[in-house]
Amino acid sequence: MRVLGIDYGDRHVGLALSDPLLITAQPLGSYELSGRENVDRQYFRDLVAKHDVGKIVLGNPLRMDGSSGTRAEKTRGFASWLEKAVGKPVVLMDERLTTRQALKTLDDKKLRGKKKKDWEDRIAAVIILSTYLERKRGEGDVPEID
């Protein structure tokens with residue numbers, strides 16, 4: 000079993016996948032939400048089945064003071080929808096500053112436009128998932144799949 004990391008946005012989601020031992024996170028790609036619930040549901044079901052995903056870690060865009068805003072509310076709604084759509088637990092992970100970290104990672108690359116945005120989303124998903132895996136190990140836990 001693996002863990003899927005997601006950086007959620009209004010139109011695009013960045014995707015990252017753990018290795019089977021739940022040690023590392025690799026970029027998987029990005030997905031443009033279709034706006035059609037049945038199409039998006041099928042995409043995520045297929046993705047979860049193809050990669051043997053047992054848990055999903057979704058970036059939670061809290062404000063710098065730790066409070067929730069409109070983006071966090073939308074993300075919680077997406078988390079609830081996704082959990083029902085794929086039948087796997089969804090864990091919310093604080094994602095403050097992940098976009099900045101992703102942009103810093105991409106600074107040396109000569110990417111522009113859509114290509115840069117796609118990689119920004121993927122790298123943010125990797126950071127979210129890596130942080131989750133590291134915290135679980137730091138707590139003395141192997142990040143088990145429930």
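Per numbering that gives the first Met the number 0, the very first residue in the sequence shown carries number 0; after that it's consecutive. Positions of the beta carbon are idealized from the N, C-alpha and C atoms, including for glycine.
For Glu31, DSSP records a beta bridge to His11.
Closest by C-alpha distance to Gly8, out of Leu20, Glu31 and Pro26, is Glu31.
For Lys54, the uninterrupted beta strand (DSSP E) segment begins and ends at Val52 to Asn59.
At a Cβ-Cβ threshold of 8 Å, Ala124 and Gly13 count as neighbours. When DSSP states are grouped into helix, strand and coil, Gly76 belongs to the helix group. For Ile122, DSSP records no beta bridge to any residue. Judged by DSSP in its simplified three-state form, Gly4 adopts strand.
Excluding sequence positions up to five before and after Asp93, its CB lies within less than 7 Å of the CB of Asn59 and Leu61, all in the same chain and listed in chain order.
Ser66 carries a coil assignment under DSSP once its states are collapsed to helix, strand and coil. It is roughly 31 Å from the alpha-carbon of Val38 to the alpha-carbon of Leu20. Minimum Cα-Cα distance from Leu91 among the listed residues Glu138, Ile5 and Met0 corresponds to Ile5. In the three-state reduction of the DSSP assignment, Asp39 falls in the helix class, which pools H, G and I. By alpha-carbon distance to Gly34, the top candidate from Ile126, Val89, Glu72 and Arg10 is Arg10. Setting aside the 5 residues that flank it on each side, Phe77 is surrounded in the same chain by Tyr7, each with a C-beta closer than 6 Å to its C-beta; the list follows chain order.
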